[in-house]
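Those sequence lines, one after another, are chains Y and E.
At position 431 of the first sequence the residue is numbered 430 (numbering that gives the first Met the number 0), and the sequence of numbers has no breaks.
At position 71 of the second sequence the residue is numbered 70 (numbering that gives the first Met the number 0), and the sequence of numbers has no breaks.
First the structure, in the form of structure tokens, and then the observations on it.
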Amino acid sequence: MISSMMVLEGIGVQKWTYILVGLTFALYIGIAIWSRANSTKDFYVAGGGVSPWANGMATAADWMSAASFISMAGIISFAGYDGAVYLMGWTGGYVLLALLLAPYLRKFGKFTVPDFIGDRYYSKTARLVAVFCALLVSFTYVAGQMRGVGIVFSRFLEVNIDTGVIIGMFIVLFYAVLGGMKGITYTQVAQYCVLIFAFMVPAIFISIQMTGNPIPQLGFGSELADGSGTYLLDKLDGLSTQLGFEEYTEGSKSMIDVFAITLALMVGTAGLPHVIVRFFTVKRVRDARKSAGIALLLIVILYTTAPAVAVFARTNMIETVSNKPYEGVPDWFKKWETTGLIGFTDKNNDGRIQYVADVSKNELIVDRDIMVLANPEIAKLPNWVIALVAAGGLAAALSTAAGLLLVISASVSHDLIKKIINPKISEKGELVTARISAVGAVCVAGYFGINPPGFVAAVVALAFGLAAASFFPAIILGIFYKRMNKEGAIAGMIVGIVSMLLYMIKYKLGWFDETLPDKSEWWFGISPEGFGSVAMMLNFIVSISIMKFTPKPPKRVQNIVEKIRIPSGVGKAKRH
Amino acid sequence: MTKNNAKAYWKENIRYVLILLTIWFLVSYGAGILFKDELNKIKIAGFKLGFWFAQQGSMYVFVVLIFVYVRLMNKLDKKYGYDK
């Protein structure tokens, strides 16, 4: 027993990473082969017969991307209270989904979001606008994911980022093309298990180390384990003010901006096509509601742990490096310095690390991703835990990328080709087209992963704004307002998405001016990230005003609305 | 008859949705954002209450809200005979 423990201790981080990543990849591929898609219904919505628990787990994995897994705790760690916009924004949207969207879209019972928009608004134009929005949102989002896959590979397996992206492309290609939604759903179930385990294990270890409480959610509100009787959060507030930062629990964004960003993220979540489409896969309307609840429960396990990890990591980091001699820094500091994620310049030549808010005196630059990636090393956890984080990060990035690729391929093969260009295409032909467009989508995503345009990172967060500004109002009005017609909905979607794009180009990318305009020029003090909520309001206002002056929707469409409001009589699901 | 049935069902559904969304708004935008400074004066263990709602409490309430809605609607479906 002791000797085998010694052997385990002896295996390095590198080997552990190869072992764990290899095992999880073998598992994903095995599942993909077992769950091949045989029909378009399998390919688009997994046959419509997925159980609420499996769908909940798949939705959670689909939802939690590399950004949730790797970056979120780090962002919160540096933003303090302000980090709440992501926590509330990326969970609160599920309440809207469960109460306002999922059950009705399941009852409607087609394959894609543009399907709903096209049928409800009885118009090919509406469908085309929806396809355009779906592709725009999904592509901006997926490019970031492929990049995430590349980064995880390069940091932990020491291959270069491009090789990492290509390996990731082949894996995703394999199970998305073979299995379609069915394959993706069951691999995502496995990926959820991997990623949640990988996130929780280090968090629990560190919580015990710092506060003696094994539950991180309680740990970060507890007293420190050093017997000083000080609460962890009080200590961190104290450390932050000492170094010239805002108090950790106060934050620095304006209240209106926090409000607007939270709203844009919530509504955007409820409008993202790759999230919505998941609720087309369950058997009955009641399952759609239940599985939204299960998905949120599983997401919240990670999302309530992340702010605890943020507090542990920030406190640990300040205590380890602040005003300590550079000669004596621990190994992990040197290791991450070579990756360029930590940078130290000794401005005052005293050989010590000054980490302060004042930019002219600050000597330490820390990338926010370090907070999760290096956290186990900072806390001196065993090698297998460090390797586990790599496997978890990959699971998170791959599962989200696969879900997005499916939306893209369905938009092309189903919404464009089957519904608009060639309605006579056979079932078999459509399935082949769907697979080909999935291959095409993976290649495009891979290209952007390898050659990221400078603005991808900036735009990913704005995918939510775009979804909020376009789909959310059109779907809500389509369900809750029988009188809403195609003229109103189309005008609303166009005004919403165009105003969001313009605001983003002006205030986030700065393409209209010589330099990026200052914060003081933002409308109502609302940042580009929060502008989605304003654009959504504009969409609602325009839709309703235009509708007042244009004809009622035909009787046939009003009957559709009445039908989707009643849960019974859902189309047949396929068992598997 | 079925039309009236559907109307009554819809009305009750909307009432549930409005009540639950009010709570949704109050815990997140209310307690976590608008009234956070007032609530921060109250401390429970190491947590300032406004901060806790913003980074923990609101999310727990979200989960509960969905499951409450699931239960309410399953009952409502049965009441109106839409559970088949």
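For each residue, glycine too, the CB sits at the ideal point set by N, CA and C.
Only a predicted model underlies this, so the values are computations on that prediction, with no experimental measurement involved.
Residues near residue i in its chain [Cβ-Cβ closer than 8 Å; skip 5 each side]
{"i": "I22 (chain E)", "result": "V60, L64"}
{"i": "K505 (chain Y)", "result": "F511, D512, P516"}
{"i": "L242 (chain Y)", "result": "I317, S321, Y354, V355, A356"}
{"i": "V44 (chain Y)", "result": "F110, M180, V276, F279, T280"}
{"i": "N4 (chain E)", "result": "Y79, G80"}
Of the residues the options, the one placed nearest residue i, counting alpha carbons only
{"i": "I489 (chain Y)", "options": "Y:L501, Y:L476, Y:L500", "result": "Y:L476"}
{"i": "G167 (chain Y)", "options": "Y:I160, Y:G178, Y:V148", "result": "Y:V148"}
{"i": "H273 (chain Y)", "options": "Y:L96, Y:V164, Y:R35", "result": "Y:L96"}
{"i": "F523 (chain Y)", "options": "Y:G88, Y:F479, Y:I255", "result": "Y:I255"}
{"i": "I540 (chain Y)", "options": "Y:A473, Y:K252, Y:W33", "result": "Y:A473"}
{"i": "K14 (chain Y)", "options": "Y:Y502, Y:L387, Y:L403", "result": "Y:L387"}
{"i": "G49 (chain E)", "options": "E:I32, E:M58, E:N73", "result": "E:I32"}
{"i": "T261 (chain Y)", "options": "Y:N484, Y:G88, Y:G29, Y:T58", "result": "Y:G88"}
{"i": "L363 (chain Y)", "options": "Y:E336, Y:E376, Y:V20, Y:I377", "result": "Y:E336"}
{"i": "A534 (chain Y)", "options": "Y:P306, Y:V266, Y:A294", "result": "Y:V266"}
{"i": "T344 (chain Y)", "options": "Y:K334, Y:S359, Y:N159", "result": "Y:S359"}
{"i": "S206 (chain Y)", "options": "Y:S425, Y:M56, Y:A305, Y:D366", "result": "Y:A305"}
{"i": "I407 (chain Y)", "options": "Y:A437, Y:K379, Y:T319, Y:I420", "result": "Y:A437"}
{"i": "A125 (chain Y)", "options": "Y:M483, Y:A83, Y:S526", "result": "Y:M483"}
{"i": "K333 (chain Y)", "options": "Y:S290, Y:V84, Y:I377, Y:P213", "result": "Y:I377"}
{"i": "K6 (chain E)", "options": "Y:V556, Y:N347, Y:T314, Y:F479", "result": "Y:F479"}
{"i": "V49 (chain Y)", "options": "Y:L127, Y:V188, Y:S76, Y:Y27", "result": "Y:V188"}
{"i": "T210 (chain Y)", "options": "Y:L232, Y:A197, Y:A129, Y:S290", "result": "Y:L232"}
{"i": "V310 (chain Y)", "options": "Y:M71, Y:P51, Y:A65, Y:V556", "result": "Y:M71"}
{"i": "A291 (chain Y)", "options": "Y:N54, Y:F138, Y:T39, Y:V371", "result": "Y:N54"}
{"i": "Y80 (chain Y)", "options": "E:L71, E:D36, E:L75", "result": "E:D36"}
Simplified DSSP state of residue i, which is helix, strand or coil
{"i": "K42 (chain E)", "result": "strand"}
{"i": "E561 (chain Y)", "result": "helix"}
{"i": "V151 (chain Y)", "result": "helix"}
{"i": "Y595 (chain Y)", "result": "Past the edges of chain Y, shown from 0 to 575, lies residue 595 (chain Y), and the structure says nothing about it."}
{"i": "I424 (chain Y)", "result": "coil"}
{"i": "Y85 (chain Y)", "result": "helix"}
{"i": "P306 (chain Y)", "result": "helix"}
{"i": "V569 (chain Y)", "result": "coil"}
{"i": "L48 (chain E)", "result": "helix"}
{"i": "L363 (chain Y)", "result": "strand"}
{"i": "P324 (chain Y)", "result": "strand"}
{"i": "V281 (chain Y)", "result": "strand"}
{"i": "F66 (chain E)", "result": "helix"}
{"i": "Y354 (chain Y)", "result": "coil"}
{"i": "V158 (chain Y)", "result": "coil"}
{"i": "G342 (chain Y)", "result": "strand"}
{"i": "Y80 (chain Y)", "result": "helix"}
Nearest-angstrom Cβ-Cβ length linking residue i and residue j, presumed shorter than 8 Å
{"i": "A444 (chain Y)", "j": "A400 (chain Y)", "result": "7 Å"}
{"i": "A25 (chain Y)", "j": "T186 (chain Y)", "result": "Rounded, the Cβ-Cβ distance is 12 Å, inconsistent with contact."}
{"i": "I69 (chain Y)", "j": "G392 (chain Y)", "result": "5 Å"}
{"i": "V136 (chain Y)", "j": "G448 (chain Y)", "result": "Not confirmed; about 17 Å, so no contact."}
{"i": "N382 (chain Y)", "j": "I18 (chain Y)", "result": "In fact, because the Cβ distance is near 11 Å, the residues do not count as touching under 8 Å."}
{"i": "G495 (chain Y)", "j": "I545 (chain Y)", "result": "Incorrect: roughly 13 Å between the Cβ atoms, too far for contact."}
{"i": "I132 (chain Y)", "j": "F470 (chain Y)", "result": "It should be pointed out that residue 132 (chain Y) corresponds to Cys in this sequence rather than to Ile. Confirmed, Cβ separation roughly 6 Å."}
{"i": "A312 (chain Y)", "j": "N374 (chain Y)", "result": "5 Å"}
{"i": "Y230 (chain Y)", "j": "G80 (chain E)", "result": "Not quite, the Cβ-Cβ distance comes to about 55 Å (not below 8 Å), so this is no contact."}
{"i": "A202 (chain Y)", "j": "V365 (chain Y)", "result": "The pair is not a contact, with the Cβ atoms about 19 Å apart (cut-off 8 Å)."}
{"i": "I369 (chain Y)", "j": "G73 (chain Y)", "result": "7 Å"}
Beta-carbon proximity list for residue i, same chain, < 7 Å, skipping 5 on both sides
{"i": "I275 (chain Y)", "result": "L100, L104, V112"}
{"i": "V284 (chain Y)", "result": "P102, R105, K106, P566, V569"}
{"i": "T23 (chain Y)", "result": "V193, A390, A394"}
{"i": "M499 (chain Y)", "result": "G464, L465, A468, F530, G531, A534"}
{"i": "G178 (chain Y)", "result": "A31, S34, R35, A36"}
{"i": "I416 (chain Y)", "result": "I424, T432"}
Beta-carbon contacts of residue i that lie in its chain and below 6 Å, excluding the five residues immediately before and after
{"i": "I1 (chain Y)", "result": "In this prediction, I1 (chain Y) has a pLDDT of 45, which is less than 50 and means its spatial position is unreliable; what the coordinates show is noted afterwards. Within the same chain, I1 (chain Y) has no close Cβ partners at all."}
{"i": "V190 (chain Y)", "result": "Contrary to the premise, residue 190 (chain Y) reads as Gln rather than Val in this sequence. Counting only Cβ-Cβ distances below 6 Å, and skipping sequence neighbours, we find A60, A394, S398."}
{"i": "G529 (chain Y)", "result": "D256, A259, I260, A263"}
{"i": "F576 (chain Y)", "result": "The structure shown has nothing for residue 576 (chain Y), since chain Y only spans 0 to 575."}
{"i": "Y120 (chain Y)", "result": "K485, A488"}
Any non-hydrogen atom of the ligand PLP within 6 Å of residue i CB
{"i": "D286 (chain Y)", "result": "Only the bare structure without any ligand can be found here, which leaves the ligand PLP out of the picture."}
Notebook entry, point to check: Taking any Cβ of chain E, which residues in the region 539-561 of chain Y have a Cβ under 8 Å from it, in chain order?
Noted result: E561
Next item on the list: Taking only beta carbons into account, state which residues of the region 276-291 of chain Y come closer than 9 Å to chain E, listed in chain order.
Entry: V284, R285, R288, K289, A291
Notebook entry, point to check: Of all the residues that make up the region 466-497 of chain Y, which are near chain E by a beta-carbon distance shorter than 7 Å?
Noted result: none
Next item on the list: Note down, in chain order, all residues in the region 227-239 of chain Y with a beta-carbon under 8 Å from any beta-carbon belonging to chain E.
Entry: Flagged, chain order: Y230, L231, L232, D233.
Next item on the list: Report the residues of the region 40-52 of chain E with a CB closer than 8 Å to any CB of chain Y, ordered along the chain.
Entry: Within the region 40-52 of chain E, I43, A44, G45, F46, K47, F50, W51 place their CB atoms closer than 8 Å to a CB of chain Y, listed in sequence order.
Notebook entry, point to check: Can you list, in chain order, the residues of the region 362-392 of chain Y whose Cβ is nearer than 8 Å to any Cβ on chain E?
Noted result: none
Margin query: Which residues of the region 60-80 of chain E have a Cβ closer than 7 Å to any Cβ of chain Y? Give them in chain order.
Written below: F61, V62, L64, I65, F66, Y68, V69, M72, N73, D76
Check: What residues in the region 295-323 of chain Y bring their beta carbon closer than 8 Å to a beta carbon of chain E?
Finding: L295, L296, V299, Y302, T303, P306
Notebook entry, point to check: Of the residues that make up the region 204-219 of chain Y, which ones have a beta carbon closer than 7 Å to any beta carbon in chain E?
Noted result: Q216
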